[in-house]
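Enquirer: Be aware that the first sequence starts at 9, since it is given in the numbering used here, and climbs by one per residue. The structure is given below, and queries will be raised subsequently.
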Amino acid sequence: MPELPEVENVKRGLAGQVVGKTIVGVDVRLPRIIRTPDDTLRFAAELQNCTITGISRRGKYLLFEIPPYTLVSHLRMEGQYRVAQAGEEELPHTHVVFRLHDGTELRYRDVRQFGTMDLIDASRAFPTGLVSLGPEPFDESLDSQTLYRSLKARRAPIKAVLLDQSCLAGLGNIYVDEALFLSHIHPERAAETITRKQAEVLLVAIRDVLSRAIDAGGSSVKTFVNGYGRHGGFQLELNVYAREGQPCRVCGTEIRKLRVAGRGTHVCPTCQRQPRKKRGG
DNA sequence: CATGGGTCCTGAGTGC
DNA sequence: TGCACTCAGGACCCAT
9 MPELPEVENV KRGLAGQVVG KTIVGVDVRL PRIIRTPDDT LRFAAELQNC
59 TITGISRRGK YLLFEIPPYT LVSHLRMEGQ YRVAQAGEEE LPHTHVVFRL
109 HDGTELRYRD VRQFGTMDLI DASRAFPTGL VSLGPEPFDE SLDSQTLYRS
159 LKARRAPIKA VLLDQSCLAG LGNIYVDEAL FLSHIHPERA AETITRKQAE
209 VLLVAIRDVL SRAIDAGGSS VKTFVNGYGR HGGFQLELNV YAREGQPCRV
259 CGTEIRKLRV AGRGTHVCPT CQRQPRKKRG G
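Here is the structure:
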């Protein structure tokens, strides 16, 4: 599942392959992927003869700069981009194809069909998820005091709050579990009970795990590949995620899996002390 | 407003 | 072997 490190790697991989190229045609095979505009024929028509001038990332969103538009793309669970020669056989589940002037194609495929694309210009509102996004984890103006105050306002489990993109942008199930492990914080801890010191440790851990994952090319637990179709390597360095039943790399205790905020959640019961149960629990 | 549960979707895994 | 069933989860929608 592409989170910030995976999307960052997709961005870097695609940048060298499609920036500077002009779109000569767009084929939309699965209209549900295109959220904006409603009319997918218009989506294709408006992009025709536009040039991709840059690619950036905000949280888990990929932003293609295609003046006068921005194409906002979210990979959700299993969205993938590939660049191929026109005529080269397509992989299954290819839903959107951008034909480029040099005979290559930018192809979007997505087994689960959860991914979305919004074509935005000055006259259209940005997709809600993008406007309500919290700060980037590596934003220099983000300090632990800001994170502390955000957490203090929420009674939900810390895991649920960290998954909430309006609190902090870019974390998903893998890196939330990993950051909480590194911080010795149990995922069921109510966010409001996190101390200033713990918020400081947590922010360091979030930045540490994300930057190492970016450097390793992201995590390919199931299906992730970057813009060149290559797997990442960070799955080998995970401490808790997808390691149920295996020994903790720090203390040897068996990693356990539980459900928090409706998500599979991995903890070391020794390194991450459980919060005190409520009365009657 | 904050919170939590249901929903979208397909393939992999499980049990009989 | 085959079939029914469960599970995986990011963001959105909706009820409380």
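All residues carry an ideal CB built from backbone N, CA and C; glycine is no exception.
Rounded to a whole number of angstroms, what is the C-alpha to C-alpha distance between residue 196 and residue 259?
Expert: If you take the alpha carbons of residue 196 and residue 259, they lie about 21 Å apart.
Enquirer: If residue 217 and residue 183 are in contact, beta carbons under 8 Å, what's the gap, nearest whole angstrom?
Expert: Residue 217 to residue 183, Cβ: 6 Å. Contact.
Enquirer: Can you give me the C-alpha to C-alpha distance between residue 89 and residue 237, rounded to a whole angstrom?
Expert: Rounded to the nearest angstrom, the two C-alpha atoms are 8 Å apart.
Enquirer: Taking residue 32 as part of the alpha helix (DSSP H), name the residues at either end of that continuous run.
Expert: First-last for residue 32: 31-36, but that is the beta strand (DSSP E), not the alpha helix (DSSP H).
Enquirer: What does the alpha-carbon distance come out to for the pair residue 117 and residue 235?
Expert: Distance between the alpha carbons of residue 117 and residue 235 is about 12 Å.
Enquirer: Just checking my contact of residue 274 with residue 185 at CB under 8 Å: how many whole Å lie between their CB atoms?
Expert: So it is a contact: roughly 5 Å between Cβ atoms.
Enquirer: Using the three-state DSSP reduction, which class does residue 126 fall into: helix, strand or coil?
Expert: Here residue 126 sits in strand by DSSP.
Enquirer: Is it a yes or a no for the stretch 137-147 touching the stretch 242-259, going by three-plus beta-carbon pairs under 8 Å?
Expert: Contact between the stretch 137-147 and the stretch 242-259 is absent, because fewer than three Cβ pairs lie under 8 Å.
Enquirer: Going by C-alpha distance, which of 241, 193 and 206 is nearest residue 276?
Expert: Closest option to residue 276, Cα to Cα, is 193.
Enquirer: Is the beta carbon of residue 161 closer than 8 Å to that of residue 269?
Expert: Going by C-beta atoms, residue 269 is not nearer than 8 Å to residue 161.
Enquirer: Quick one: measure Cβ to Cβ for residue 13 and residue 226, integer angstroms, because I've assumed they're closer than 8 Å.
Expert: Yes, they are in contact, since the Cβ atoms of residue 13 and residue 226 sit about 5 Å apart, within 8 Å.
Enquirer: Just how far apart, CA to CA, sit residue 27 and residue 261?
Expert: Between residue 27 and residue 261, the C-alpha separation is close to 48 Å.
Enquirer: Output needed for residue 279: all residues of its chain with C-beta closer than 7 Å, excluding positions within five of it in sequence on either side, in chain order.
Expert: Answer for residue 279: 189, 192, 256, 258 and 259, listed in chain order.
Enquirer: Which residues does DSSP pair with residue 105 in a beta bridge?
Expert: 35 and 115, per the DSSP bridge assignment.
Enquirer: In terms of residue numbering, what span does the alpha helix (DSSP H) encompassing residue 152 cover?
Expert: Its alpha helix (DSSP H) spans residues 152-160.
Enquirer: Going by DSSP, name the residue or residues bridged to residue 90.
Expert: Partner(s): 115.
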